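Following: one structure in structure tokens, then a few remarks.
Protein chains: 4
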Amino acid sequence: MNTLGTKYRLTLFGESHGRCVGVVIDGCPAGLKFDEVSIQKELDKRRPGQSEIVTQRKEEDKFEILSGVFNNYTTGAPIALIIWNKTQESGVYELRKNIPRPGHSDYTAHIRFGGFNDYRGGGMFSGRLTACYVMAGAVAKMILKKYGIDIVAHTTKIGTVDSVDFPKTIDEIRKQSDNKVRCADAKAAEKMIEQIMEARSKMDSIGGVVECIAENVPPGIGEPRMDTVEGEIARAMFAIPAVKEVLFGDVQSKGSENNDAFIIKNGKIMTGTNNSGGALGGITTGAPIKFRVRVKPASSIALEQKSVDVEKMKPTSLKVIGKHDPCIVPRAVPVVESVAACVILDLMLRAGVIPNVLKENRRA
Amino acid sequence: MNTLGTKYRLTLFGESHGRCVGVVIDGCPAGLKFDEVSIQKELDKRRPGQSEIVTQRKEEDKFEILSGVFNNYTTGAPIALIIWNKTQESGVYELRKNIPRPGHSDYTAHIRFGGFNDYRGGGMFSGRLTACYVMAGAVAKMILKKYGIDIVAHTTKIGTVDSVDFPKTIDEIRKQSDNKVRCADAKAAEKMIEQIMEARSKMDSIGGVVECIAENVPPGIGEPRMDTVEGEIARAMFAIPAVKEVLFGDVQSKGSENNDAFIIKNGKIMTGTNNSGGALGGITTGAPIKFRVRVKPASSIALEQKSVDVEKMKPTSLKVIGKHDPCIVPRAVPVVESVAACVILDLMLRAGVIPNVLKENRRA
Amino acid sequence: MNTLGTKYRLTLFGESHGRCVGVVIDGCPAGLKFDEVSIQKELDKRRPGQSEIVTQRKEEDKFEILSGVFNNYTTGAPIALIIWNKTQESGVYELRKNIPRPGHSDYTAHIRFGGFNDYRGGGMFSGRLTACYVMAGAVAKMILKKYGIDIVAHTTKIGTVDSVDFPKTIDEIRKQSDNKVRCADAKAAEKMIEQIMEARSKMDSIGGVVECIAENVPPGIGEPRMDTVEGEIARAMFAIPAVKEVLFGDVQSKGSENNDAFIIKNGKIMTGTNNSGGALGGITTGAPIKFRVRVKPASSIALEQKSVDVEKMKPTSLKVIGKHDPCIVPRAVPVVESVAACVILDLMLRAGVIPNVLKENRRA
Amino acid sequence: MNTLGTKYRLTLFGESHGRCVGVVIDGCPAGLKFDEVSIQKELDKRRPGQSEIVTQRKEEDKFEILSGVFNNYTTGAPIALIIWNKTQESGVYELRKNIPRPGHSDYTAHIRFGGFNDYRGGGMFSGRLTACYVMAGAVAKMILKKYGIDIVAHTTKIGTVDSVDFPKTIDEIRKQSDNKVRCADAKAAEKMIEQIMEARSKMDSIGGVVECIAENVPPGIGEPRMDTVEGEIARAMFAIPAVKEVLFGDVQSKGSENNDAFIIKNGKIMTGTNNSGGALGGITTGAPIKFRVRVKPASSIALEQKSVDVEKMKPTSLKVIGKHDPCIVPRAVPVVESVAACVILDLMLRAGVIPNVLKENRRA
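Protein chains in written order, with our numbering: chain A, 1 to 364; chain B, 1001 to 1364; chain C, 2001 to 2364; chain D, 3001 to 3364.
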């Protein structure tokens, strides 16, 4: 349903064209100094209208705290964060409310909810709701940071362009991917932008791949056998609209090449390589958690497409006119990073590695 | 932990070299005529020693019913199924109990459980436990069959060989993939066997890809937003040892090509293509659910590999001598199919489409 | 944590002296005509300041819909309902923030959250949050009504006064208990008011018992063995502040008297008596679900009480001055009724008896 | 369904007249020295045939370990424990399979499972399954003991006889209640036995009350707001057949008497009294958790009772002949204690107070 996580638990609400979008974060440890600025910064990365390659919709995405923070610290009570929607034109949705957009959730939502779903802008299924993931992820990252855990997501593919030449450290990736396409390979980034602009000019869209890396997650995290690190992350990734694939590590073709040898380094057991993507048997190895997520091309395109009128039960066609993203990959990057942060924090809380109260802050 | 599913719920127990492996199935609808033969048939597909390309271990994998079946029908009570282990040589595991096999869960299990884990044959992490998935999946398939749902898994890649020329219907795939590698493309199958034999001769292993297709799942299944069809399936797939990737449908590079147009056929709304793999917005479209799973090369290989002695904290090496699979993909095929059946049944029960009692059987 | 229910699922947020209190209702079937008036009516029953026997605080408790309702119908998306708090005097709480009120959650919240809890008015533990239960219960009752299920709660004891002479039908109980103490025995009601006024005059408080009856719940509801009707209701009741006891039916001393004989009436199997309170083996019998809940005397009293200063670790004393209820039983009545409605709806959804979409309303 | 607990999680299987009864314990910390003798000792307390006041059925209740224990220590893998059933006479159940016993789950199980339930001896609903709680509770107590937590249950009422004069310490209660009725008041115990013998002679049954006390549970345990200590315990208690009431502490009539004053003792904050039963706001105070459970008179009695034939839909009567308990309270005592141990351990694991690996045992 609309709740994700066991101990760090998000519950989303709101719709694209309703009053607001919001998230209730339950299980956030008490005693976290709440940094509102960092949340807004993360939201700004996802926000529409940042550059010419994304949607030109104007949404400020300023958030408000409804509960759970007192005297600038988290209290242990549920944290409710909300973004009020600005008045939006819903007229176009009325016109095509019976004509589901191909590739979008319009049809399945109609079936699942017997036609009572809010069809304006995808309603609860709108990508706009991913702002809630970003808020919850920003809070999760504040906590993970205290435990030395750093997470970055970046674009590794858009259209047919691969990011090939990118740095190895999270810090460098973060710096170098601070561009319109969130790609750490500057040359590839240029070509990606070209392909996006081309798609836009053709009223079409293109997809891509986002990689995410989390460093310093201690070994031993993950709840065997069913609640694996990979499974919990994958399940959450598929709750991001447009994600169709999740892939961990770099599988090699032979066992002898794929197996990551164990070595001792600085008195600690480690793996020499990290083909496993940081998990064996569903439990972290201590190597970076590393996975890639395939994002399909945005389904809302202005090209004419075949559909049906579900009320008249007749074939028809539609053009999805409006301010849509020709490529949602760049805006998916902070979302993937945020969801990963939420899941990793959840797994660490479940493993008892992070406590319910951040003790170093314990009130005298 | 060791429980999978919400309404059709598996709890696994047992170890590779313990007394048994078993599964408790909770939530199975009452009134199902229990077909023991079909369960054994499914187990036989996974069983070791079927041909020269898999492990030569001898395990009969005969199962017993401990509870939940009465007068040949399911009662609604938990169904416990068990396979007793035959006496196995554990001596070799004693010798290397402090030397984790690269690529295996030995090390992470050691960390997670403070060294108390049963290290013999991987203990609870052993692939042997997948027999439990197969038993539970066979039961799930009995029920799904009554609702017209058919599921097949088959090998689409082993080593560098792709299955290219294979039939489109589930029935045909099932028939044509009834070979040692579970591949529905006869020519590819031959080459796959060659590559497996080559890997074996080199004391190495190779991986591959399994595709799974489920037909006639009605539209509207899936619990938005977090419990998506894709996410629930993916999470379960990652609970199968060696799975590193889950991919739904066939993502096309442009939105205009990727979007599945809606059409009307036989008075019903359908999608003309099925690039989405049968799900939009995390909810089934009514088109076949279609996904692929990447299986890494088996980690237990006889080639010498680097590792460490975790007790002495010293580098060492090991050769995993024993009756191991040079390629586990063929034996993973029935496991993937079974786990898919369990998840799909669970989602249908959650959606209320399948009732708690199979009414057509309702006792007079 | 802060989520209750499996298929009809509440997540609460907000604090007594924060910006708001609110609830996200997930899993509410789509297609329910949303009756805002009935929600407000229920809220008014719980609202402070209704008469001289309850707290004289002025709170309007007007609610707003944030999401999940579109064109007056539920959409299947999460329904977020919120009540904004009016400006409140928090000064008094600052003064005694280190002095936990005996019998209140102040101390345990302090321990559990390392002193970061919002101590003003009990923060998230405030009885004010029960307004959220009432909103969610009002929605649940709208649905249950469509299935012929009627629920009433009424006061059966306050102080030492028992309600003895009260009607048998839900409708009559509802009518006759429409008084200040929510007691269906008019004579007892008068004495109850006297005892409350006496407690108030002595700066003390008194407790009581609330009975709840739900009629027309079909037989067969409840998820054996662990998710029993009684257990699920009891667990939820203990999530209401001040509840210390839950008791089902009327246990008789001998088996021969306690067992409810089965009879046939109007062609249906029923029980002649209902000592079991409508459940056997954790599953409904079809007889009314009937239980009683003991509410302890309110802990906030103006009499001087011993406590400690948790910062200075010194004994001290405090008087809880303010607008407090001398008896919260009357205001607990709508809360018990509401929580019961939520749990019963949840169990009916889990049993598949109520569908995800209210079909009779299905959009053409 | 058949799973109880979040981190210490029991899944039950088996039936009264099936092959076995068993439990899978998931989440038991690794590194626990497994004391089989103490489990058997607990089972013996619940076992039938101990004295003349309980059922004269002969069941040895010898358990076996199927998984999860290796070299005498828990491994972190699921622990499956099983008791094989001896051959039992099921003939009598065939005769009355369509005639539900009043007060028993026969009828509701029939409805819930469409008549497919195993009706012999109550099937999965049989009190025999409580042996599984006792096994799981014995394991839980081994762990709790390491953390200084001691739990005792004892009979405080049978028929009309109250236990009045009993000791205050757990140790003393344990010693003095080591009698046939598990009552720590020797004089009351005698009268209880008389009442049981009288009920037996009249082919009737009587009920009673069990009190349970858990000492040294640290303050701050419990997951507010919904997963309260009281609610989690109560929910589990209602999963014990025949329990109809759960009551925490000793509610006093006035707030001034009921509120437990905070005091400082030995440098620690405590409550002077313990009317709250060890919990405020759903969180432990550090005072003993104390609750009482009402057990209804056993429903299986030899006296003639009215019932119906569910197949012929005709009134009939039945006498439940067989070896039944005239009073199940004494045998419920170890069950209540065991279930309490499971829930308290679960809550402590959830709070992170007990780790996943018992560190003091950590393998070198």
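Heads up, the beta-carbon is just placed ideally off N, CA and C, and yes, glycines get one too. For clarity, every value in this text was computed on a predicted model and none was experimentally measured.
Within-8 angstroms CB hit, Gly352/A to chain D: yes
For Pro2029/C, three-class secondary structure by DSSP: coil
Residue(s) in a DSSP beta bridge with Pro2315/C: Val2308/C
Distance CB(Val3293/D)-CB(Val3181/D) smaller than 8 angstroms: Val3181/D is positioned such that its CB atom lies no closer than 8 angstroms to that of Val3293/D.
Beta-ladder partner(s) of Tyr3073/D, from DSSP: Per DSSP, Lys3033/D and Phe3070/D.
Cross-strand partners of Gly1022/B (DSSP beta bridge): Phe1013/B and Ile1082/B
Which of helix, strand or coil DSSP assigns to Lys1141/B: helix
DSSP-derived helix/strand/coil call for Val1210/B: strand
Residue of Pro1048/B, Leu1066/B and Gly1114/B minimising C-alpha distance to Lys1058/B: Pro1048/B
Residues from the segment 2128-2140 of chain C in contact with chain D, defined by Cβ distance under 8 angstroms: Cβ contacts with chain D: Leu2129.
Distance, Lys1296/B Cα to Val1243/B Cα: 6 angstroms
Contact set between Pro2355/C and chain B, taken where Cβ atoms lie within less than 7 angstroms: Gly1352
Secondary structure of Ile263/A, DSSP reduced to three states: strand
Contact between the segment 3002-3016 of chain D and the segment 3334-3342 of chain D (3+ Cβ pairs under 8 angstroms): With a cut-off of 8 angstroms, the segment 3334-3342 of chain D and the segment 3002-3016 of chain D count as touching, because enough Cβ pairs lie within range.
Within-8 angstroms CB hit, Thr155/A to chain B: no
Sub-8 angstroms separation of Pro334/A and Glu42/A beta-carbons: yes
Euclidean distance between Cα positions of Ala3287/D and Tyr2107/C: 13 angstroms
Check whether Gly2272/C and Phe2291/C have beta carbons under 8 angstroms apart: no
Ala3030/D and Val3357/D closer than 8 angstroms at C-beta: yes
According to DSSP, residues forming a beta bridge with His1154/B: Paired residue(s): Glu1211/B.
Close-in-space but distant-in-sequence residues of the same chain around Met1237/B (CB under 6 angstroms, 5 per side omitted): Val1243, Val1246 and Val1293
Cys2020/C versus Leu2280/C: straight-line alpha-carbon distance, rounded: 41 angstroms
Contact check, Ile79/A vs Cys28/A, beta carbons under 8 angstroms: yes
CB contact check: Gln56/A to chain B, cutoff 8 angstroms: no
Local Cβ density within 10 Å of Met3313/D, reported as buried at 16 or more and exposed below that: exposed
Nearest-angstrom Cβ-Cβ length linking Gly3103/D and Asn2258/C, presumed shorter than 8 angstroms: 6 angstroms
Interface flag, Thr75/A vs chain C, CB-CB below 8 angstroms: Interface residue, yes.
Any chain B beta carbon closer than 8 angstroms to Val310/A: At a cut-off of 8 angstroms between beta-carbon atoms, Val310/A makes contact with chain B.
Contact with chain D by Glu1257/B, beta-carbon distance below 8 angstroms: no
Residues bridged to Arg294/A (per DSSP): Paired residue(s): Val209/A and Glu245/A.
For Asp227/A: DSSP bridge partner residues: Glu223/A
N- and C-terminal bounds of the beta strand (DSSP E) containing Met3203/D: First-last for Met3203/D: undefined, no H or E at that position.
Interface flag, Leu2066/C vs chain A, CB-CB below 8 angstroms: yes
Any C-beta of chain A under 8 angstroms from that of Arg1019/B: no
CB contact below 8 angstroms: Glu3232/D versus chain C: yes
Residue interval of the beta strand (DSSP E) (run including Ile3269/D): Lys3268 to Thr3271
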